[in-house]
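See structure below.
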Amino acid sequence: MAGLLNLLYVFLYAPILYVVFVSFSEDIVWPFPLSLTSQAYADLFSNSLYADALANSLILGVGSGIISTAIATAGVIGILRYPSKRRTLIIVIFLSPLFVAELLIGISSLAFNSRILGLPGNMFSAIAANAVEGIAFSFLIILSQLVRYDWQMDEAAMVFGARPARCFWEVTLPTIWPSLLGAFLISFILAFNNLEISFYNLGAIPTLPSVAWGSLRFGLGPELFALAALTNGFVFLIFAVMYVLMRTGLVKFGYRGK
Amino acid sequence: MKPDSTWRDFLTPFVLLTGPGTLFIGVTLLVPLLTVVMFSFWRTESYELYADWNFDNYRVLFGEAAYRTFLIRSVVSAAVTSLICLVLAWPVAYYIARHGGRYRLLLVLLLAAPFFTGVILRIAALQGILGPGGLINMSLGLAGFAPIKLLMYTQFAATIGHIYLYIPFMVTAIYLSLVNFDFALLDTAKINGAGPFRAFIEVTWPLNWIGTSIGTVLVFIPCLASTITPRFLGGPNATSFGMSLSQQFGETGTWALGSAMSVVMFIFSFLVIAVLKFTIDLRRSGFTGAGR
Amino acid sequence: MSSHDDTVSLSLEDICKQFGPVKAVDGINLDIRQDEFFALLGPSGSGKTTLLRIIAGLEHPTSGRVMVGGQDVTFMPPYHRRIGMVFQNFLLFPHKTVAENIVFPLRMQNIGKAQRDDRLSWAIQLLRLQGLEARYPHELSGGQQQRVSLARGLISRPALLLLDEPLANLDRELRAEMEIEIRRYQKELKIPFIYVTHNQEEALTMSDRIAVMRNGVFEQVGNRTEVYQKPKTVFVAGFVGQSNQMEGKVDKVNGGFLAFTWQGKKLVVPHAGDAKTGELVRFMIKHEDVQIEVASRKSAIPGNHNSIPGKLRDIIFKGQTVNYLVDLEGGMEIVASGSPRDMTLAAGDLVFAFWSQDTGSSFKLG
């Protein structure tokens, strides 16, 4: 099974490595024989289209991430802490976006915004439509972690004089923040890299995926590979830090074993 | 004194906490979907929608062989991809949950990390590896071998792409189910005479079926609606239902027909969910209800 | 806290709590005095925990009033009540140290650092937690966790301390030790303690007064000796202490006594209720009130005693006491409890079980 796991990692990371590799190559169609250059990185930073696209993608990611995490957290606390006959219904509602393809989310909000509301493509619609998907994922992540949380802990805090807000801040949040962070990251990435939802909601506003999509017709610009390589470098830096922290036992990230 | 006005009775903490999400999903998901359902009974003419109610879009959709082919192709492709992902993901998720130890979160995050690279770039990279001018076939060519035709612009290549994109969902869903599964139950089963395989079939599989079926849905639905992968990996004979659908909202501008296609796609997604839901017996799932 | 100088510190007025069709608490009236240790004793599902949660403000009663120090707090949220509480599973905040856990209530009341430190060292002293201040809860033993939990409950000198089966998760030895200790704190601090438990021994050991609860109502409220020796209902007699039960029709009522026939033997027992001749009664007598004598020494049994012949089946040695299991003719059994010092009998001996006519309690059935 360990072998299969490693194979899967190879399968998943081969294209990523390819992206990094190509970003340093002079000829991106057939990168052999090797001739490395950092030209793509220079182009990336000099072209304002990419800066705009990156900024828009970041706005989308952060906006959707915050909305998703906040709404999903409230929803999870609601169903876990306050028993209700409507609990199952709420779970179904919060998870329902998982069962609607991104393409359908994008197209239906395009249809509604442009034909019913008469709105042009705009950032708010795009953030909202992305957040719908983010809420479902966040809800799932937070719920799976919080089912084990003991809400009597909050009752104890309240008996000892903590008002609900203080109680959340002092007792609930310090325990559950890893799952909230996870939910934020996932919904951030989903929105940041989303093509189909964002594309139909943004019109002419560029994001990284839509720039990539647009340039696909003439072959991908090496700058995009460079950007992806940078993103991956950043992500793996974080993973490396996590690994060191886990290795030294400084942080456990929720793992309760030895 | 007891607060007894009716609006305060209605605004329980439960409603206050779950209300915003319900409202948000209602306005940004449900209402637009209903709009699409409505449009599917309308008519488009030169990029404009007209509200004369009819079934023409559905007639076209089921009457023309091309659309049927696209639909069947997408459904079959989604089913095959889900099945392959299921078979591959189980051992991987099991291994991480059982033997990942303190690194298991990191191992799962590693599966999700490719998402940091956008779909298009990853597909382009896959194309760069698999395609006719790609690493595999060019290397074969340089070494004097014939290229592997199967990898070049075929449904097979598109399926590899789908597996590549969506298997992390399946692994994560099964993993999340397994970390909440009590592996001591397996010892109980073994003490009572079940071999490893029997123990898996009798205990592990049924108790993690909900997570597995969620994973299946998470793979099936985006596959069904896939547009980018078949376009870049599948070649001319892999036009998917999703590609055709997005064309109706783009180049051809036949929104009403596109809406009807959306409805059909949604119905097929829903059918899969319904079938899987049918296999779930909550009382036998180990699910004891959330919270108290 | 408002300084209310009445001796009544908490009063419950006709408290009812309904969950759907279930009446968890059904018309409870109770006054808790300023310095008493009060036990709420009952089996699980009797409503005792619900009642405690109503007092803490974690539930609101469907009807009735909760008064603390003369003030109506029925719908006051828990964080304004300034009540202390100790929980069954301790519920220490896992991300806070022992010291941070203990001073939590003071911080919530915005009490200054200097005073907090002052109170902290007082609580650390009281509960003998010296040296553990910087530890985290998961680094403590069960007994230490419970002491931290008690320190947190007591640090703000609450008007009332609620204890929800605090010893249920501790092992037997530690429990016995903590029982004595908790009672000592209560006597020292003179804060009323309300102690919820399903364990009658715990209730008897620690409390001044006991309420026995079942199906949301109090079966009996009284001093511990009263509840033990003079149970008012069959349920209390069965739940508190261990009893033998005998049923029969009343043959005769004579002043404070009644006579009935059981297993062919005529028994004379105290008559407390209103059972009349011909009515069915149940007589209950605690194991330790029944004595035993070998058949050959029957003449040694005093006159005003009931006695039943039987055969000693087994002797259960329990350390401080011994239980004699006596088989009676007709398949019934009677248990007598005594001191192991006078253990001269052996299984198989023919014996008489006997007890004074003025011990035990009788209850009219139906």
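As they're listed, the protein sequences go chains A, B and C.
For the first sequence, position 59 matches number 704 in the numbering used here, and the numbering has no gaps at all.
For the second sequence, position 96 matches number 110 in the numbering used here, and the numbering has no gaps at all.
For the third sequence, position 3 matches number 5 in the numbering used here, and the numbering has no gaps at all.
C-beta: ideal position from N, C-alpha, C; glycine also.
Let me confirm a value: residue i is counted as buried when at least 16 other C-beta atoms fall within 10 Å, else exposed. Which label applies?
i, result
"Glu908(A)", "This structure leaves residue 908(A) out entirely; chain A is present only between 646 and 903."
"Gly902(A)", "Only weak support is given to the placement of Gly902(A): the predicted model assigns it a pLDDT of 45, under 50, and the value that follows is read from those uncertain coordinates. Per the 10 Å Cβ criterion, exposed."
"Ala647(A)", "exposed"
"Arg793(A)", "exposed"
"Asp316(C)", "exposed"
"Thr9(C)", "exposed"
"Val353(C)", "buried"
"Lys251(C)", "exposed"
"His82(C)", "exposed"
"Val889(A)", "exposed"
"Tyr64(B)", "exposed"
"Lys288(C)", "buried"
"Lys234(C)", "buried"
"Ser250(B)", "The residue you asked about is not Ser; residue 250(B) is Pro in the sequence shown. Exposed, since its Cβ has fewer than 16 Cβ neighbours within 10 Å."
"Thr207(B)", "Reading off the sequence shown, one finds Gly at residue 207(B), where the question assumed Thr. Exposed, because fewer than 16 other Cβ atoms sit within 10 Å of the Cβ of Gly207(B)."
"Thr893(A)", "exposed"
"Tyr61(B)", "exposed"
"Val886(A)", "exposed"
"Ser301(C)", "exposed"
"His200(C)", "buried"
"Arg297(B)", "exposed"
On the DSSP bridge assignment, give the partners of residue i in chain order.
i, result
"Lys1(C)", "In the structure displayed, chain C extends from 3 to 368; residue 1(C) sits before or after that span and is not available."
"Pro311(C)", "Phe354(C)"
"Met370(C)", "Here chain C has residues from 3 to 368 only, and residue 370(C) is not among them."
"Leu14(C)", "Leu32(C), Val68(C)"
"Leu12(B)", "Given a span of 15 to 306 for chain B in the structure shown, any question on residue 12(B) remains unanswerable."
"Lys251(C)", "Leu282(C)"
"Ser245(C)", "Lys288(C)"
"Ile317(C)", "Tyr326(C)"
"Met363(C)", "A small fix is needed here, since residue 363(C) is Ser in this sequence, not Met. According to DSSP, which records beta bridges pairwise, Ser363(C) is partnered with Met286(C)."
"Ser258(B)", "Paired residue(s): none; Ser258(B) is not in a bridge."
"Tyr197(C)", "Ala41(C), Leu165(C)"
"Lys232(C)", "None; Lys232(C) has no bridge partner."
"Val223(C)", "Ala213(C)"
"Asn256(C)", "Phe259(C)"
"Gln293(C)", "Phe356(C)"
"Ser339(C)", "Asn325(C)"
"Ser48(C)", "Looking at the DSSP assignment, Ser48(C) forms no beta bridge with any residue, so it has no partner."
"Trp264(C)", "Lys267(C)"
"Ser670(A)", "Leu681(A)"
Flag this pair as yes or no: are the beta carbons of residue i and residue j separated by less than 8 angstroms?
i, j, result
"Val198(C)", "Lys50(C)", "yes"
"Leu238(B)", "Ser88(B)", "yes"
"Gln160(C)", "Arg84(C)", "Reading the sequence as shown, one finds Pro at residue 160(C) and not Gln. Yes, Cβ-Cβ distance for Pro160(C) and Arg84(C) is below 8 angstroms."
"Leu847(A)", "Leu872(A)", "no"
"His307(C)", "Gln247(C)", "no"
"Ile110(B)", "Tyr189(B)", "yes"
"Val233(B)", "Thr95(B)", "yes"
"Ala773(A)", "Ile750(A)", "no"
"Ser753(A)", "Leu125(B)", "no"
Can you name the residues of chain D whose CB is closer than 8 angstroms to the CB of residue i?
i, result
"Glu747(A)", "In the displayed structure, chain D is absent; the protein chains listed are A, B and C."
**Report entry** Contacting positions in the stretch 97-118 of chain C - beta carbon closer than 7 angstroms to chain A
**Finding:** His97, Phe106, Pro107, Met110, Gln111
Report task. Determine which residues of the stretch 844-878 of chain A have a Cβ less than 8 angstroms from any Cβ of chain B, and write them out in chain order. Result -> Tyr845, Leu853, Pro854, Ala857, Trp858, Leu861, Leu865, Leu869, Phe870, Ala873, Thr876, Asn877
Report task. Check distances from the C-beta atoms of the stretch 816-835 of chain A to those of chain C and list, in chain order, the residues that come in under 8 angstroms. Result -> Val816, Pro819, Thr820
Query - Residues within the stretch 76-88 of chain C neighbouring chain A, beta-carbon criterion of under 9 angstroms - result: Pro79, Pro80, Tyr81, His82, Arg83, Arg84, Ile85, Gly86, Met87
Report task. Check distances from the C-beta atoms of the stretch 273-300 of chain B to those of chain A and list, in chain order, the residues that come in under 8 angstroms. Result -> Ser273, Ser276, Met279, Phe280, Ser283, Phe284, Ile287
Report task. For the stretch 651-663 of chain A, enumerate the residues whose C-beta is nearer than 8 angstroms to any C-beta of chain B, in chain order. Result -> Leu653, Tyr654, Phe656, Leu657, Tyr658, Ala659, Pro660, Ile661, Tyr663
Query raised in the report: Taking contact to mean at least 3 C-beta pairs separated by less than 8 angstroms, is the stretch 729-736 of chain A in contact with the stretch 758-774 of chain A?
Result: no
Query - Proximal residues, the stretch 138-150 of chain B versus chain A, C-beta separation under 7 angstroms - result: Ala138, Ala139, Leu140, Gly142, Ile143, Gly147
Report task. Please name the residues in the stretch 26-44 of chain C whose beta-carbon is closer than 7 angstroms to at least one beta-carbon of chain A, in chain order. Result -> none
Query raised in the report: With contact counted as at least three CB pairs below 8 angstroms, one residue from each stretch, are the stretch 677-696 of chain A and the stretch 867-885 of chain A in contact?
Result: yes
Query - Residues of the stretch 756-775 of chain A whose Cβ lies closer than 9 angstroms to any Cβ of chain C, in chain order - result: none
Query raised in the report: How do the stretch 648-663 of chain A and the stretch 176-189 of chain B stand: do at least 3 beta-carbon pairs fall below 8 angstroms, yes or no?
Result: yes
Query raised in the report: Are at least three pairs of beta-carbons, each pair with one atom in the stretch 118-134 of chain B and one in the stretch 253-271 of chain B, less than 8 angstroms apart?
Result: no
Query raised in the report: Counting pairs of beta carbons, one from the stretch 206-226 of chain C and one from the stretch 27-45 of chain C, are three or more of them closer than 8 angstroms?
Result: yes
Requested in this report: Give, in chain order, every residue of the stretch 778-804 of chain A whose Cβ lies closer than 8 angstroms to some Cβ of chain C.
Outcome: Asp795, Gln797, Met798, Glu800, Ala801, Ala802, Met803, Val804
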